[in-house]
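Q:
Protein chains: 2
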Amino acid sequence: MQITSHTDYALRVLIYLAMTPNRQATIPEIADFFDISRNHLVKVVHQLGNKGFVKTIRGKGGGLSLQRPPEMIRIGEVVRSMETHFNWVECFDPAQQRCRLLPNCGLKHLLARAGNAYLQVLDAATLADVLIGTVAVELPLKETSDNLK
Amino acid sequence: MQITSHTDYALRVLIYLAMTPNRQATIPEIADFFDISRNHLVKVVHQLGNKGFVKTIRGKGGGLSLQRPPEMIRIGEVVRSMETHFNWVECFDPAQQRCRLLPNCGLKHLLARAGNAYLQVLDAATLADVLIGTVAVELPLKETSDNLK
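Sequences listed follow chains A and B, in order.
Going from the first sequence to the working numbering is simple: count from 1 and add 23.
Going from the second sequence to the working numbering is simple: count from 1 and add 23.
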């Protein structure tokens, strides 16, 4: 049971940007910091842009920054935006309705309630809340980010 | 985001057995009812036996039944027993501690809280509770189960 690396990386990008609020960050810099695939990160950042979390300024002096202050970004909203589905079991997928316990399955209702409880905890927290617990990270300065490569 | 088919099938087996309390069921019968792999179901039932949910009587007249009454089987216990891990993101795996936001990452704590909220909903429900919402299922009679093959 896990969230996708796509969502995981999206959350890390947002944390990174929130911790470097006074400058533009770059994809290579973030990929190097977390030691994750640049190609994957390009897709993650593209989606974060489409969903209104990250803005990209192109050209020299450009880069990535948050589109909203961390207090305005709910973690639940990010997870809902990045995960492709919340089909806790097969029958949550409208295309997979073959289980013979349907349509009156108490298990499906229970799993839906559990999934909602999971997302409600994430909905109640903002990116700013997450930063409070993330205090000891040494982020690279813009000037020294080449050293990480 | 989903639970494994292994756990999904385990829960379906338990529901099936709880709805046929007065007789022994068989793996082919359950596999046919749900139209799922017999081989996979063998592994699921084996694990359900090891974990104390299902008992198997071998030989003629034998079969599968619940080891405990449905009121004594918590859905959370089943899910915890059948899922291989609850590594919501990479860093929950003790062998994957490479994220540079560790050890003081607020996101990890938040995801752990959300995961606990998910499991707590499942812990609060028993197999008997699930059955209350599962009323309209037409189960095969033992005598006619061959017709389903």
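No residue lacks a Cβ here, since even glycine has one placed at the ideal position from N, Cα and C.
(1) Helix or strand or just coil, what does DSSP make of GLY85(B)?
(2) Please list the partners that ALA148(B) has in chain A, where partner means a Cβ-to-Cβ separation under 7 angstroms.
(3) Closer than 7 angstroms by C-beta to VAL153(B): which residues in its own chain qualify, once you throw out the five before and the five after it? Chain order, please.
(4) I'd like to check one pair, PHE76(B) with LEU64(B): are the Cβ atoms closer than 8 angstroms?
(5) Thinking GLU106(B) and THR30(B) are a contact (beta carbons under 8 angstroms), I'd like their distance in whole angstroms, please.
(6) Just to make sure I have the definition right: I need the residues of chain A whose C-beta is within less than 7 angstroms of the C-beta of ASN62(B). Which are they?
(7) Going straight from the alpha carbon of CYS128(A) to that of LEU40(B), what length do you get?
(8) Any beta carbon of chain A sitting closer than 8 angstroms to that of ILE50(B)?
(9) Does any C-beta atom of chain B lie closer than 8 angstroms to the C-beta of ASP55(A)?
(10) GLN25(A) CB to nearest chain B CB: under 8 angstroms?
(11) Is it right to say LEU171(B) is buried, meaning 16 or more other beta carbons lie within 10 angstroms of its own, or is it exposed?
(12) To the nearest angstrom, how far is it from the Cα of SER168(B) to the Cα of GLN25(A)?
(13) With a threshold of 16 other CB atoms inside 10 Å of the CB of ILE80(B), please say whether the residue is buried or exposed.
(14) For a contact meaning CB atoms closer than 9 angstroms, what does VAL67(B) contact in chain A?
(15) Residues of chain A with a CB under 7 angstroms from the CB of ARG136(B): which are they?
(16) Does the CB of VAL36(A) have a neighbour CB from chain B at under 8 angstroms?
(17) Near VAL19(B), which residues of its chain fall below 8 angstroms by C-beta distance, leaving aside the five closest residues on each side in sequence?
(18) The beta strand (DSSP E) that contains LYS78(A), what's its start and end?
(19) For the stretch 84-101 of chain A, which residues have a beta carbon sitting closer than 7 angstroms to at least one beta carbon of chain B?
(20) Counting only the same chain and skipping the five closest in sequence on each side, list residues whose C-beta sits under 7 angstroms from that of GLU166(B).
(21) Report buried or exposed for LYS83(A), applying the criterion of at least 16 other Cβ atoms within 10 angstroms of its Cβ.
(22) Which chain B residues are close to LEU154(A), counting only those with a beta carbon under 8 angstroms from its beta carbon?
(23) Is there a Cβ from chain B that is less than 8 angstroms from the Cβ of ALA140(A)?
A: On the basis of the data shown:
(1) Looking at GLY85(B) - three-state DSSP - the assignment turns out to be coil, as it is neither helix nor strand.
(2) Those are LEU133, listed as they occur along chain A.
(3) Cβ within range, chain order: ILE38, ILE98.
(4) For the pair LEU64(B) and PHE76(B), the CB atoms are not nearer than the 8 angstroms cut-off.
(5) Indeed, because the Cβ distance is near 5 angstroms, the residues count as touching under 8 angstroms.
(6) What ASN62(B) touches in chain A: nothing, since even the nearest Cβ is about 18 angstroms away.
(7) So the two alpha carbons sit approximately 15 angstroms from each other.
(8) Not one chain A Cβ lies under 8 angstroms of ILE50(B).
(9) No, no contact with chain B.
(10) Taking 8 angstroms as the CB threshold, GLN25(A) lines the interface with chain B.
(11) With a pLDDT of only 39 at LEU171(B), under the threshold of 50, the placement of this residue in the model should not be trusted; the figure read from the coordinates follows. It counts as exposed.
(12) Annotation note: pLDDT 42 at SER168(B) (below 50); position unreliable, coordinate value reported separately. Distance from the CA of SER168(B) to the CA of GLN25(A), rounded to the nearest whole angstrom, comes to 37 angstroms.
(13) When all chains shown are included, ILE80(B) counts as exposed.
(14) Ordered by position in chain A, no residue passes the 9 angstroms Cβ test against VAL67(B), which lies about 14 angstroms from the chain.
(15) Near ARG136(B) (Cβ distances below 7 angstroms), the residues of chain A are VAL144.
(16) Chain B, which has no Cβ nearer than 8 angstroms to the Cβ of VAL36(A), makes this no.
(17) Examination of residue 19(B) is not possible in this model, given that chain B is present from 24 through 172 alone.
(18) 77-80 is the span of the beta strand (DSSP E), which, as asked, contains LYS78(A).
(19) Contact annotation: in the stretch 84-101 of chain A, residues whose CB is within less than 7 angstroms of a CB in chain B are ILE98.
(20) Note that GLU166(B) scores 46 on pLDDT, short of 50, meaning its location in the model is unreliable; the coordinates nonetheless yield the value given after this. So the list is empty, once near-sequence residues are dropped.
(21) Its Cβ having fewer than 16 others within 10 Å, LYS83(A) is exposed.
(22) The contacting residues are GLY129.
(23) Yes, contact with chain B.
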